[in-house]
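Asker: Below is one structure. I have some questions about it.
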Amino acid sequence: MPEVTDGDDVGGRRVTPPVPAPKPKPTSRVRMPAAQRREQLIATGRQLFAERGFDATSIEEVAARAKVSKPVVYEHFGGKEGLYAVVVDREVRALLDRITTALTAGHPRELLEQAALALLTYIEEETSGFRVLVRESPLMSGAANFSSVMNDVAHQVEHILGAEFKSRGYDPKLAELYSQALVGMVALTGRWWLEVRKPRKETVAAHLVNLAWNGLSHLEAKPTLITARRH
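My numbering puts the sequence shown at residues 2 to 232.
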């Protein structure tokens, strides 16, 4: 059968051959800048470590959720341990910054209030980060953990208590013991509040300070924060 070309007559009809569809242009994959990719992987790892913990999280999952290949993750962090260390280090610094920035009052009771509120606010606003911190760190990991953060906070509280003890004639050497007790109480209550989220954080902080400041023998029936009374 003869080939029909443009302008040929077939059976008295002018036939125009079909025009072939244009070939689709190849889509060029936009490569994310290295710094942006690193931040994406850190955010992805943070979420997975919060959800599943270190042991249950794999590089495959991190890569899949970030929509990259495994070698990309290895290229940036060297492995799961490297990614975990970066995530934890950021959370440690973020929590410490919040607490140290909050400690601005001169009265010891207000300082305790500020520290308790800073921790509870961090838990409220950075829940995933807090979950990463309170999970057990992997063995042989050089990353800091929640206990080390609380130890750092306790050392700051120790200096505050030491000066207060000295002014009242108490043994300043006991400041370390009391600082560990106070910070430990706030930290464990924070872990509990992470799951229940009630009562509201201001109420939780007020009751923590009530116990720490007044003791069981002088508890206030309805404690409030000093800072709240001024507004």
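Glycine residues also receive a C-beta, built at the ideal position from the N, C-alpha and C atoms.
1) Compute the Euclidean distance between the alpha carbons of Gly216 and Val197, then round it to the nearest angstrom.
2) Can Arg99 and Tyr123 be called in contact, C-beta distance under 8 Å?
3) When you compare the region 104-112 with the region 183-203, are there three or more beta-carbon pairs, one atom per stretch, that lie closer than 8 Å?
4) Is there contact between the region 51-64 and the region 81-88, where contact requires at least three CB pairs shorter than 8 Å?
5) Tell me the rounded alpha-carbon separation between Glu221 and Ser59.
6) Just confirm the distance between the C-beta atoms of Arg190 and Val210, as a whole number of angstroms; I'd bet it's less than 8 Å.
7) What does the alpha-carbon distance come out to for the pair Thr128 and Val135?
8) Determine the direct distance from the alpha carbon of Ala51 to that of His77, and round the result to whole angstroms.
9) Could you give the first and the last residue of the continuous alpha helix (DSSP H) run that contains Lys81?
10) Excluding the 5 residues preceding and the 5 following Phe131 in the sequence, name in chain order all residues of the same chain whose CB lies nearer than 7 Å to its CB.
11) Compute the beta-carbon to beta-carbon distance between Val93 and Val150, rounded to the nearest angstrom, for a pair I have assumed lies under 8 Å.
12) Tell me where the alpha helix (DSSP H) around Thr190 begins and ends.
13) At the level of alpha carbons, what is the spacing between Tyr171 and Leu112?
14) Output the boundary residues of the alpha helix (DSSP H) element that contains Tyr171.
15) By the three-class DSSP mapping on this structure, what secondary structure does Trp214 have?
16) Got a sec? Which residues, its chain only, sit under 7 Å from Ala213 by beta carbon, not counting five neighbours each side?
17) Is it true that the CB of Gln181 sits closer than 8 Å to the CB of Ala155?
18) Just to confirm the assignment, what range does the alpha helix (DSSP H) spanning Gly107 have?
19) Quick check on this structure: which residue in Arg192, Leu97, Ala67, Phe55 has the alpha carbon closest to the alpha carbon of Glu40?
20) So, with DSSP's three-state summary, where would you put Lys202?
21) On the DSSP letters alone, give me the boundaries of the alpha helix (DSSP H) that His77 sits inside.
22) Can you tell me which of the three DSSP states Val33 falls into?
Answerer: Result, derived from the coordinates:
1) Approximately 25 Å, taken between the alpha carbons.
2) Result yes, Cβ atoms of Arg99 and Tyr123 sit closer than 8 Å.
3) no
4) yes
5) Glu221 and Ser59: Cα-Cα distance of roughly 49 Å.
6) First, the amino acid is wrong: residue 190 is Thr here, not Arg. So it is not a contact: roughly 11 Å between Cβ atoms.
7) 11 Å
8) 20 Å
9) 81-103
10) Hits under 7 Å: Tyr123, Ile124, Leu195.
11) 5 Å
12) 176-197
13) 19 Å
14) Segment: none, Tyr171 is in no alpha helix (DSSP H) and carries neither H nor E.
15) helix
16) Leu113, Leu183, Met186
17) The beta carbons of Ala155 and Gln181 sit closer together than 8 Å.
18) Segment: none, Gly107 is in no alpha helix (DSSP H) and carries neither H nor E.
19) Ala67
20) helix
21) 71-78
22) Correcting the residue type first, residue 33 is Met in the shown sequence and not Val. Note: Met33 maps to coil in three-state DSSP.
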